[in-house]
Structure formats: structure tokens, C-alpha cells
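If you're matching positions, the sequence shown starts at 44 in our numbering and goes up one per residue.
No residue lacks a Cβ here, since even glycine has one placed at the ideal position from N, Cα and C.
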Amino acid sequence: MPNSYSPEQIIRPEILALSAYHVPAATGMIKLDAMENPYPLPSALRDDIARLAESAPINRYPDASAAALKAILRQNLEITDDMEILLGNGSDEIIQIIAMAIAKPGAVLMSVEPAFVMFRMIATFANIQYIGVPLQKDFALDTEAMLAAIEKNRPAVIFLAYPNNPTGNLFDAAAILRIIQAAPGIVVIDEAYNAFAEASFKNQLGTYPNLLLMRTLSKSGLAGLRLGLLIGKTEWIAQLEKLRLPYNIGIMTQLIAEKVLHHTDVLSAQAETIKSERAKLNAFLGTMRNIEVYPSKANFILFRVPAASQIFHMLKQRKILIKNLDGTHPLLKDCLRVTVGTPDENVQFCAALHASLTETV
Ligand SMILES: *Cc1c(COP(=O)(O)O)cnc(C)c1O
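In C-alpha cells, the structure reads:
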């Protein structure tokens, strides 16, 4: 076929230039890299799930509107009648839906840097311009820079994670409100780590029609199910709903999420344990010389060590997988991010970190 195109001839150059999102192999490792909840569900609940799997009509398409699942979400999150819910195959899919919806020529998607990498990547997928406003050195919002960038670029959408990933901090709420008020388009507050944060913009939803709130079940214990949600005024959600593929939430996700959401006490108890382990891990890291620890309201901790990339590899050799952020952004030089694991995993991580640091000096 002499006249056929090569991939280079038909794939957009910005896609050719991307490297695929890398998920490292983790077999045999203590996995503290992806903000997963380390605890399984109690066995009684897993038995219930087994029975759901047994009787689920998997020969049929799932309920396209996921009505029962939405009803329990509405109840649990106390979502008022003037708000709608959009469900995504993870919140990643919701980011993608929003990006596709706004992808007019010249449209801008704005966030901060460093932030959740999918904001930037998905902007590229959707062929829209991404602008990342640098955070301050302590990872606080640079409010004035943000307001100036909003004025200059008129973004269709601003994404802010609250708490932020990979830094773990909550941005100043008053600064976020100023951004919401100044934004000409929508502002999506991404509360992926809400289970650990003790802070939320949920009560502001009624006040600001351009505010949308994104949540996910991934970080609180159901990462394998893939379920994210966006809450906001009907005028926005109804438009975004048009872009949602009809059966994006599979039947097993619908059934299992619905079941688990009737037992949120289980997930809350696990989140409480993770929070107390976070405090212990934070205290341990604080005792070590040469480590700078950043305060976290999420289920992970960011810290800075000399020769971070070397420490990362030494941990890996000790079968401990965390996230190396060194080299991903100037503000993250020599930074590593560890997910809070079980008490035993955390003890092993601490011992391995101590040993690795001792070996390098
Ligand atoms: C992990 C994460 C998500 C993605 O969650 P999924 O629902 O699993 O797609 C979204 N936003 C932030 C800030 C995250 O850290």
C-alpha cells in the first residue's frame, strides 16, 4: 500500500510528542506510590459483593443513567435538589469530558504548577491550550499571579485540587473564592482527597453558579471500580452530560459502589486510620536529619531529601515503591511522595528510608 499513511502523517504532532502515562510495575513491592487505600473491605461486605456478581445481568447493558447509584450518592453527600451529578469512569474521565466540551479554538484550561498531571495531559488530548500558574515556594497559591493570569487568558475552565496533588496542602480558601469570583468560566474544585481533608467547597456550590465540585471513590478505597463524580448546577451538568458515553459506568461498578455506599462507616473508619498513620509518618519524617516534610491533608506525604532520585532507587531495591517527583517541576527538585500505607508498610518504609539515607552519607 504505497499510498497509505504512517502514524506520523495522521496523528497530531502534540500526540506524537507525548510519552504515554507510565504506570510502574509493582509486583512483589510494597506499593506506596498511587494513593490507594491499603485496606480491603470487611469479609461480610465482600460476601455481599460476591453475591451481587453472581446475579448481575452482565449480558445486558448497565443502567445508562445509573439512577440507584446516583440516589445513594445524593443522599450520602447531601446534594441539594438544585444540583445535578455527572458520573465518570474515574474523575479522569470527567476532566476529559469537560475538556472536550470547552475545546473551541483558542480555549484555555488553567491550573497551577505543580498540580495533578492529568489536567495538563487532558488539555493536550483535547487540543486546547494549558496554562499552569506556578505555586509559591511553600506550594501556596500565588493569588495575585493567578488573578493576573485569569484576566489575561480568560480561561474557559480552571482546575484546582483541594488538597493539591502532589503537594498535599489545602490552598487558602479565601484565595480560592477570589479566583472563583474572578473566573469568567467554570472553576472545578477537585476534592479527590476529601476523605482525609476535613475541608470542602461543597457548601459554596449554591453561592457560585460557575463552581463545580469533583469527587472520586478512588482514594477512599475503591480505586479499582473507577467512579468519579461532578456536582454542579443543572445548566452546566446538562451540557456536559451530552458528552458522556452512554454506558461509561459498568454494571459491576454501579452495583458494588451502591452496596459499599450503604456502608460508608467502613470507609470512614479506614480514612480515620489512614489519618492517624499519616500523623505518625509525618512525625517520623520530622525527626530525620536532612529531610524537609510538607504538611499534608491527603493520604500521602511529600518530602524533600538530598539526592532524591538515588534514594528512590534504593527504596525500590528494598521493594518499596513510592513516587519520584524529582525532575518533574523545578519546585519539586529532590521531592518524593509516599502514600500512607498500613502500619506495617509504614514501618517498613521508614526503616528502608532510614537505611537508604544512612548509606548515601
Ligand atoms: C487521583 C486523582 C484523581 C483521579 O482520580 P480517579 O477518579 O481515579 O480518576 C483526580 N484528581 C486528583 C487531584 C487526583 O490526585
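Asked: Boundaries of the beta strand (DSSP E) in which L59 is found, first to last residue; Found: That residue, L59, is in no beta strand (DSSP E); its alpha helix (DSSP H) goes 56-59.
Asked: Segment limits, alpha helix (DSSP H) that includes K113; Found: 110-119
Asked: DSSP beta-bridge partners of N367; Found: L379
Asked: Limits of the unbroken alpha helix (DSSP H) element including T316; Found: 307-330
Asked: Residue list, Cβ distance to ligand 1 heavy atoms smaller than 5 Å; Found: G133, S134, D135, F159, A204, N208, D233, A235, T259, S261, G271
Asked: Under the three-state DSSP convention, the category T296 falls into; Found: helix
Asked: The segment 95-104 in contact with the segment 377-387 per 3-pair CB rule at 8 Å; Found: no
Asked: Per-residue DSSP class, three states only, for R197; Found: coil
Asked: Residues near E121 in its chain [Cβ-Cβ closer than 7 Å; skip 5 each side]; Found: none
Asked: Beta strand (DSSP E) segment containing T259, residue limits; Found: 254-259
Asked: Closest Cα partner of G71 within the set D215, L400, L368, K359; Found: K359
Asked: V390 (DSSP reduced to helix, strand or coil); Found: helix
Asked: S263 and A314 closer than 8 Å at C-beta; Found: yes
Asked: Length of the line joining the Cα atoms of A312 and E194; Found: 44 Å
Asked: Bridge partner(s) assigned by DSSP for G14; Found: Outside the displayed span of the chain (44 to 404) sits residue 14, for which this structure offers no information.
Asked: Cβ-Cβ separation, N208 to F14 (assumed contact under 8 Å), whole Å; Found: No information on residue 14 is available, as it lies outside the stretch 44 to 404 that the chain covers here.
Asked: Nearest neighbour of L272, chosen from L84, T123, E136, D91 [CA to CA]; Found: E136
Asked: Counterpart residues of V231 in DSSP-defined beta bridges; Found: F202, L255
Asked: Nearest residue (CA-CA) to L184, options I222, Q118, V151, N119; Found: I222
Asked: Contact the segment 323-337 vs the segment 346-364: 3+ CB pairs below 8 Å; Found: yes
Asked: Reduced DSSP category for K340 - H, G, I as helix; E, B as strand; rest coil; Found: coil
Asked: C-alpha distance - Q236 paired with S47, whole-angstrom precision; Found: Before going on, a small fix: residue 236 reads as Tyr here, not Gln. C-alpha separation (whole angstroms): 47 Å.
Asked: Cβ neighbour criterion (16 or more within 10 Å) applied to N119; Found: exposed
Asked: As assigned by DSSP and simplified to three states, the class of S399; Found: helix
Asked: Opposing strand residues paired with L374 [DSSP bridges]; Found: Bridge partners of L374: none, in fact.
Asked: Rounded separation between S154 and A87 - CA only; Found: 42 Å
Asked: Residue nearest to N253 in terms of C-alpha spacing, selected from L268, W279, R269, A242; Found: W279
Asked: Cβ shell of R269 (< 7 Å), same chain only, five flanking positions each side left out; Found: N132, G133, T296
Asked: Closest by C-alpha distance to R197, when choosing among Q224, L256, L112; Found: Q224
Asked: Backbone secondary structure at L220 - three-state DSSP; Found: helix
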